[in-house]
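Asks: Structure below; questions to follow.
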Amino acid sequence: MRNILSLLCCLSFTLVIFSCDNEDGLNTDPNFRVSFSVDTLKFDTLLTGFGSTTKQFKVYNKSSKKVNLQEIYLQDANSPYRLNVNGTAEERFANVEIGANDSLFVFVEVDLAPKDTDQAVLLEDILVFNVNNNLQGIILSTWSQDVVLIEEDIVNSQNWTGKRPYLINKQVSISENTELVLEEGTTVYFGKNGGLDVHGTIKAEGSFEKPVYFGSSRLEELYKNVPGQWNGIYIHESSKSNQLSHFILEDGINGILYAGNNGELQLEYGIIRNFTENGIAITNASLHAHDLLMVNCGDECLKVEDGELNLFHSTLYNAWNFDIRTAPTIQLVNTSEYNSNMGNCIVWGVHSDEFVTDNTSGLKIENTLLKLSNSLQDEYATLFSDCIFNENPGFVSIEEKNYALSETSPCINTGKLEIGTKYPNDLLNNSRTDDSTPDMGAFEFKDNQE
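Residue numbers for the sequence shown, in mature numbering (1 follows the signal peptide of the UniProt record, and there is no 0): -19 to -1, 1 to 431.
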């Protein structure tokens, strides 16, 4: 009897101890699941041969007991992904604990080797978590893109194609008497210190369907529409016969700087946006352009000094908000020796005066909507013919960066017919001649464009 009582006492003590462990100890429930802050960890498109940004997510233990992650590993043994769990980098982890109602960080990066292919390749893997002998996981997803790395100056004339993007990580020169032609669909990415010095000739021969693209090599969503990520295109005095047709230029310090020697730059069907300084700055040269969309620059979107400007059917809008902007959207300086013309354009922004010139001689502005104070309207009165002042141009959505015209826009059917006939298609390849009168700006109004 005494032995039975002793045994019962021991069992009771053991049950008490076990009960305490079960309340404050390890969760061994075979049906328990951890939870994650994401279902899929996406890296957007990454260029091969270069490291990626590090992404992170959290693993949550929402139970009142700690949990043991028996294993954490990548399903693919040859995975390009690299793991770091709570500050420790390993290929495979075992027995990682998460406290009750706690979480841990998992950091993931990608090491992408070139695939020797023109097309982007989707790389997916599954990060597996073994919890109480149950397997859970999240998807890791990356688009991998091979590039042509440009590391030397361009000393021989050549054509670049749209087959594979080009990457420039430093300042690269196009030598004098050398021509670089960018065929339709060509993409040129620039690293932080990248840019082009044009001493010879650059020609972009894009199309409506396949424009030529110049922009940052940082393709993650975080860097979208962020200015200052590369240097820009600098055209020097020895350069000549530069033409860009159907192109996108974005997210740099300057778009195009042209210090000319009475040379000429021709631009058509271009989008120039998000530059910390100028979109286009021309000195001692001529700019002939039509169907440009120029948006959001820290200084002028367009500045011409000691040069000639011929600009038609273009939309310029500046609401720069990264810091204080003091310059107008367009500024013309010392242009008295030239005959300059603007027609069927929109010049708009958040300042009261978005167009400034120091000389009205030889300048004509027709059928253009401008943001301009009454005092400058009076000062520049001889410049204007059939212009609209200070009426909201009625863009479809500034927030969504859609600068086409809404149905209430005062710019509809207020352009000059002769200019619209000379440039019969807008930036989206819509016809300007389907109705009696063209619209102002780079976009012809269409009922279905919203």
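All C-beta atoms, glycine included, are put in the ideal place defined by N, C-alpha and C.
Predicted model, so just to flag it, every value in this text is computed and none were measured.
Compute the Euclidean distance between the alpha carbons of residue 147 and residue 374, then round it to the nearest angstrom.
Replies: The residue given as residue 147 occupies position 166 in the sequence shown. The residue given as residue 374 occupies position 393 in the sequence shown. Spanning the two alpha carbons is a distance of roughly 38 Å.
Asks: Let me make sure I understand the geometry here. Which of 388, 42 and 336 has the alpha-carbon closest to that of residue 85?
Replies: Looking up residue 85 in the sequence shown gives position 104. Looking from the CA of residue 85, the closest CA among 388, 42 and 336 belongs to 42.
Asks: Is the number of C-beta pairs between the segment 102 to 118 and the segment 11 to 22 that are closer than 8 Å three or more?
Replies: By the Cβ rule, the segment 102 to 118 counts as touching the segment 11 to 22, because three or more pairs are nearer than 8 Å.
Asks: Among the residues of its own chain, which have a CB less than 7 Å from the CB of residue 198, if the five just before and after it don't count?
Replies: The sequence position of residue 198 within the sequence shown is 217, counting from 1. Only 28, 148, 170, 171 and 172 meet the Cβ criterion.
Asks: Among 424, 271, 26 and 318, whose alpha-carbon lies nearest the alpha-carbon of residue 411?
Replies: Within the sequence shown, residue 411 is the residue found at index 430, counting from 1. Of the listed residues, the one whose Cα sits closest to residue 411 is 424.
Asks: Taking the alpha-carbon positions, what's the residue 35 to residue 380 distance?
Replies: Sequence index remark: in the sequence shown, residue 35 carries index 54 (1-based). Sequence index remark: in the sequence shown, residue 380 carries index 399 (1-based). Straight-line Cα distance between these residues: approximately 29 Å.
Asks: Could you give the DSSP three-state label for residue 423: helix, strand or coil?
Replies: Translated into the one-based positions of the sequence shown, residue 423 becomes position 442. Correct three-state label for residue 423: coil.
Asks: My guess is that residue 249 and residue 266 are in contact by the Cβ rule of under 8 Å, so how many angstroms apart are they, rounded?
Replies: Translated into positions along the sequence shown, residue 249 becomes position 268. Translated into positions along the sequence shown, residue 266 becomes position 285. Between residue 249 and residue 266 a beta carbon distance of about 17 Å is seen, past the 8 Å cut, so the two are scored as non-contacting.
Asks: Can you tell me whether residue 70 is buried or exposed, with buried defined as 16 or more other CB within 10 angstroms of its CB?
Replies: The residue you call residue 70 lines up with position 89 of the sequence shown. Classification for residue 70: exposed.
Asks: Select from 67, 26 and 158 the residue whose C-alpha is nearest the C-alpha of residue 100.
Replies: The residue you call residue 100 lines up with position 119 of the sequence shown. The residue with the shortest Cα to Cα distance from residue 100 is 26.
Asks: Assign residue 307 to buried or exposed, taking buried as 16 or more other Cβ atoms, counted over all protein chains shown, within 10 Å of its Cβ.
Replies: The sequence position of residue 307 within the sequence shown is 326, counting from 1. Label assigned to residue 307: exposed.
Asks: Indicate the three-state DSSP secondary structure (helix, strand or coil) for residue 355 in the structure shown.
Replies: Along the sequence shown, read from residue 1 onward, the residue named residue 355 stands at position 374. Looking at residue 355 - three-state DSSP - the assignment turns out to be helix.
Asks: For residue 426, which residues from the same chain have a beta carbon less than 6 Å from its beta carbon, with the 5 sequence-adjacent residues on both sides left out?
Replies: As a working mapping, residue 426 is identified with position 445 in the sequence shown. The residues are 386, 393 and 420.
Asks: Could you give the first and the last residue of the continuous alpha helix (DSSP H) run that contains residue 398?
Replies: Stepping through the sequence shown from its first residue, residue 398 is reached at position 417. Here the alpha helix (DSSP H) through residue 398 covers 398 to 403.
Asks: Does DSSP put residue 101 in a helix, a strand or coil?
Replies: Along the sequence shown, read from residue 1 onward, the residue named residue 101 stands at position 120. Correct three-state label for residue 101: coil.
Asks: What number of angstroms, rounded off, separates the C-alpha of residue 288 from the C-alpha of residue 263?
Replies: For the purposes of this step, residue 288 is taken as the residue at position 307 of the sequence shown. For the purposes of this step, residue 263 is taken as the residue at position 282 of the sequence shown. One C-alpha to the other measures close to 7 Å.
Asks: Out of 344, 176, 355 and 295, which one is the CA nearest neighbour of residue 334?
Replies: Locating residue 334 in the sequence shown gives position 353, where the first residue counts as 1. For residue 334, the nearest C-alpha among the options comes from 355.
Asks: What residue range does the beta strand (DSSP E) around residue 197 cover?
Replies: As a working note, residue 197 is residue 216 in the sequence shown. Segment 193 to 197, the beta strand (DSSP E) holding residue 197.
Asks: Comparing C-alpha positions only, which one of 368, 290 and 408 sits nearest to residue 347?
Replies: As a working note, residue 347 is residue 366 in the sequence shown. For residue 347, the nearest C-alpha among the options comes from 368.
Asks: Alpha carbon to alpha carbon, how far is residue 318 from residue 261? Give it in angstroms, no decimals.
Replies: Here residue 261 refers to the residue found at position 280 of the sequence shown. Here residue 318 refers to the residue found at position 337 of the sequence shown. Straight-line Cα distance between these residues: approximately 20 Å.
Asks: Quick check on residue 232: buried or exposed, where buried means 16 or more other Cβ atoms within 10 Å of its Cβ?
Replies: Translated into the one-based positions of the sequence shown, residue 232 becomes position 251. Result: buried.
Asks: For residue 69, which residues does DSSP report across the bridge?
Replies: For this step, residue 69 is matched to residue 88 along the sequence shown. Partner(s): 66.
Asks: By DSSP, does residue 262 sit in helix, in strand, or in coil?
Replies: Taking the first residue of the sequence shown as 1, we reach residue 262 at position 281. Strand.
Asks: Pull the bridge partners of residue 296 from the DSSP assignment, please.
Replies: Taking the first residue of the sequence shown as position 1, residue 296 is located at position 315. According to DSSP, residue 296 bridges with 274 and 327.
Asks: Can you tell which of 18, 242, 324 and 139 has the C-alpha that lies nearest to the C-alpha of residue 270?
Replies: For the purposes of this step, residue 270 is taken as the residue at position 289 of the sequence shown. Closest option to residue 270, Cα to Cα, is 324.
Asks: How big is the Cα-Cα spacing for residue 297 and residue 310?
Replies: Translated into the one-based positions of the sequence shown, residue 297 becomes position 316. Translated into the one-based positions of the sequence shown, residue 310 becomes position 329. Computed Cα separation, rounded: 7 Å.
Asks: Could you give the first and the last residue of the continuous beta strand (DSSP E) run that contains residue 337?
Replies: Numbered from its first residue, the sequence shown carries residue 337 at position 356. Counting along the chain, the beta strand (DSSP E) containing residue 337 begins and ends at 336 to 338.
Asks: Skipping 5 residues on each side, what residues in its chain have a beta carbon closer than 6 Å to that of residue 329?
Replies: Mapped onto the sequence shown, residue 329 falls at position 348. So the list reads 298, 352 and 374, once near-sequence residues are dropped.
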